[in-house]
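Heads up: the sequence shown at position 98 corresponds to 98 in the working numbering, and the numbers run straight through without jumps.
Idealized CB from N, CA, C, for every residue including glycine.
Take a look at the structure set out below.
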Amino acid sequence: MVGWLGVLGWQTAAGFVTYLTGKQISALIILWNPSYAPQPWHGTLIVWAILVVCLFFNIFCAKKLPLIEGIIVILHLAGFFAVIIPLWVMADRSPSGAVFTAFEDNMMWGSVPLATMVGLTGAAGVFVGVEAGAHMSEEVRNASHVIPRAMMWTWLGNGILGWIMAITFAFCVGDTMSVLLTPLGSQQVQVFLNTTGSKAGATGLTCITLVIGVFACVAVMATNSRQLFAFARDSGVPFSKSLSQVSPRFGVPLNASYMTIIFILLLSLITLGSAVAFQQVLALGVSAMLTTYMISISCVALKRIRGEPLLPSRFNLGRWGLPINIIAVLFLFFLWIFTFFPTVPNPTPADMNWAILGYGSVIIFALVYYAFRGRYTYVGPVEYVRKGQ
């Protein structure tokens with residue numbers, strides 16, 4: 001079940017990240033050509049173009065990905081200051097009271113705390129996927145030491161930078177509703193335009209985030225292919241033999257990469273019917289990933305409660321392990337509940353959050369597949385550990 005929900009979460013996350021990156025490109029087109037009327041299929045084609053770039057880097061530049069991503073980390077840090085300094089210097093600032101003490105229930109939930117809880121899905125989505133390094137661990141030297149620390153530093157570093165950027169945007173956003181309803185289709189680009197007062201300035205700042213966004217898609221796709229490959233190697237999905245193959249020429253799981261591309265291509269077709277429905281893909285991905293976290297952490301917590309020995313680890317929480325596990329599961333469960341809430345009360349079919357439909361369908365399919373085939377073919381990592389012992 002964790003494997004299936006992990007595949008669902010990562011595949012939908014890849015689709016959503018690609019969609020957000022494509023929205024920036026569309027916004028730049030509208031910025032420079034106000035008469036341009038974007039059609040749903042335009043956005044779909046932009047997503048497909050980004051996928052071609054991602055596939056190129058994941059196949060032909062696979063051996064250079066660590067170097068490329070190292071360069072992107074430098075650009076990420078430099079871009080942070082390149083974006084935030086103009087916002088600090090040039091933007092009109094809202095009073096601190098409006099930022100920290102003024103709350104609005106624009107969706108008419110009738111309760112600011114409830115509206116805040118419903119909005120947590122977007123905030124949680126920022127941190128979902130922090131375990132990406134674990135899916136690449138077989139390609140990392142000294143992984144038991146490097147991966148846990150990389151995960152912690154990634155969370156801490158990006159958490160601090162993201163918090164600073166969020167506070168900055170809160171001060172610089174100005175009229176919130178006018179930004180949310182921007183004709184550009186991207187609130188970020190609209191804030192850049194309001195701040196700099198020029199199309200060139202807004203374009204320059206957007207290009208920084210756009211490049212980072214494209215390579216975020218490259219990284220997410222790399223993680224996707226490895227995660228799907230590993231699950232297929234355990235014979236956990238249909239066509240496992242094909243999906244678990246590694247190209248001797250490129251040294252990457254090509255078929256798993258192709259399957260990821262195909263899934264996102266199909267997922268992007270949702271935008272032809274409703275952009276709102278595609279945006280709810282985020283809720284589907286977050287709910288699936290939170291479930292995998294809860295199950296995994298609960299299993300570790302249960303072993304701690306029973307006093308059973310854990311597998312040897314070079315990253316140990318010690319006596320704080322059980323309290324941290326319990327707090328994490330409770331908090332994740334709280335977030336998980338709100339991932340299925342619609343964005344507005346009394347929603348119409350168009351406004352409804354259909355994440356529960358996709359989530360439930362995958363669970364039912366996984367159970368049926370396991371009952372009729374998976375239980376005869378699946379050999380999980382635990383079995384490998386037992387055989388090794």
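In angstroms, rounded to a whole number, what distance separates the CA positions of residue i and residue j?
i, j, result
"A202", "M177", "20 Å"
"G162", "S274", "29 Å"
"K199", "T223", "35 Å"
"I247", "M136", "Looking at the sequence itself, residue 247 is Ser, so the reference to Ile does not match. Using only the alpha carbons, I get a separation of about 16 Å."
"A49", "V17", "14 Å"
"G358", "Q190", "33 Å"
"A134", "F231", "13 Å"
"A124", "I68", "27 Å"
"R386", "I71", "Reliability fails at R386, whose pLDDT of 47 lies under 50, so the model's placement of it is uncertain and the value that follows must be treated cautiously. R386 and I71: Cα-Cα distance of roughly 40 Å."
"T12", "V368", "22 Å"
"V300", "T291", "14 Å"
"L302", "V2", "16 Å"
"V329", "L243", "32 Å"
"L362", "L45", "In the sequence on display, residue 362 carries Val and not Leu. Each residue's alpha carbon lies about 27 Å from the other."
Beta-carbon of residue i versus every beta-carbon of chain B: anything under 8 Å?
i, result
"N33", "The question asks about chain B, but that chain is absent: this structure has only one protein chain."
Would the beta-carbon of residue i fall within 8 Å of that of residue j?
i, j, result
"G9", "G251", "no"
"I30", "P40", "no"
"S235", "Y370", "no"
"G43", "I264", "no"
"T195", "P86", "yes"
"A350", "F340", "no"
"T182", "F192", "no"
"F338", "V118", "yes"
"V7", "Q187", "no"
"I212", "L28", "no"
"M107", "T348", "no"
"W155", "V126", "no"
Would you kindly report the start and end of the unbroken alpha helix (DSSP H) that includes residue i?
i, result
"Q188", "187–196"
"N316", "Looking at the DSSP string, N316 is not in any alpha helix (DSSP H), and its letter there is neither H nor E."
"M107", "Premise fails: M107 is in no alpha helix (DSSP H) and is neither H nor E."
"T182", "Looking at the DSSP string, T182 is not in any alpha helix (DSSP H), and its letter there is neither H nor E."
"V344", "That residue, V344, is in no alpha helix (DSSP H); it is neither H nor E in DSSP."
"T12", "2–32"
"V211", "199–233"
"L55", "40–60"
"S244", "Counting along the chain, S244 falls outside any alpha helix (DSSP H), and DSSP gives it neither H nor E."
"Y369", "355–369"
"F171", "143–172"
Original post:
Does the region 45–58 touch the region 246–266, meaning 3 or more C-beta pairs lie closer than 8 Å?
Top reply: yes
Original post:
Using 8 Å as the Cβ pair cut-off and three pairs as the minimum, do the region 163–170 and the region 78–88 touch?
Top reply: yes
Subject >> Contact the region 96–105 vs the region 319–327: 3+ CB pairs below 8 Å >> reply: Taking a cut-off of 8 Å on C-beta distances, the region 96–105 does not touch the region 319–327, as fewer than three cross pairs fall below it.
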